[in-house]
Amino acid sequence: MNLNATLIAQLVVFFILVVFTMKFVWPPIVKALDERAKKVADGLAAADKAKADLAHAEKKVVEEMRKARESAGDVRTSAEKQASTLIDEARAEAGRIIAAAREAAEGEAATAAQRAKEALRDQIAILALAGAEKILRKEVDAKAHAELLANLKQELQ
132 MNLNATLIAQ
142 LVVFFILVVF
152 TMKFVWPPIV
162 KALDERAKKV
172 ADGLAAADKA
182 KADLAHAEKK
192 VVEEMRKARE
202 SAGDVRTSAE
212 KQASTLIDEA
222 RAEAGRIIAA
232 AREAAEGEAA
242 TAAQRAKEAL
252 RDQIAILALA
262 GAEKILRKEV
272 DAKAHAELLA
282 NLKQELQ
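The sequence shown finishes on residue 288 if you use my numbering, and the numbering steps up by one all the way, no holes.
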């Protein structure tokens, strides 16, 4: 056996094995590795995008919450102002109603007093006429006249 011939034969077999591996074995392995790397890269990109979307959504939620708080504060302030305005208007209306009721009561009292005075005057006039009639029917006597006036005073009281 010749060492050189064996070495050359082994080199030829080795090169045939390398060529066979490069042609038929290596491309599917490289393709599988490339696909796997692409899937991993896509997964990482999707995770980064999801993380960025989550951060953006959190910022948006915080902003919306701030806007909602401001809006709620504005609505509350507006409601308080409106309630205060309504209370003031109600108080003013109540004051007007009370004043009108007082005026009406005073007017009624004055009218009632006026009617009572007129009724009293009518009665006094009737009594005065009745007293004068009695005086004139009797003879003119100071004592009788004084008696009639006393009776008239008692009737007036």
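Yeah, the Cβ is synthetic: ideal placement off N, Cα and C, and Gly gets one too.
What are the start and end residues of the alpha helix (DSSP H) that includes residue 137? 134-151
Meets three-Cβ-pair contact criterion under 8 Å: the segment 217-226 and the segment 242-260: no
Suppose you measure from the CA of residue 214 to the CA of residue 237; what does that come to, to the nearest Å? 34 Å
Segment contact, 8 Å Cβ cut-off, at least three pairs: the segment 274-284 with the segment 255-265: yes
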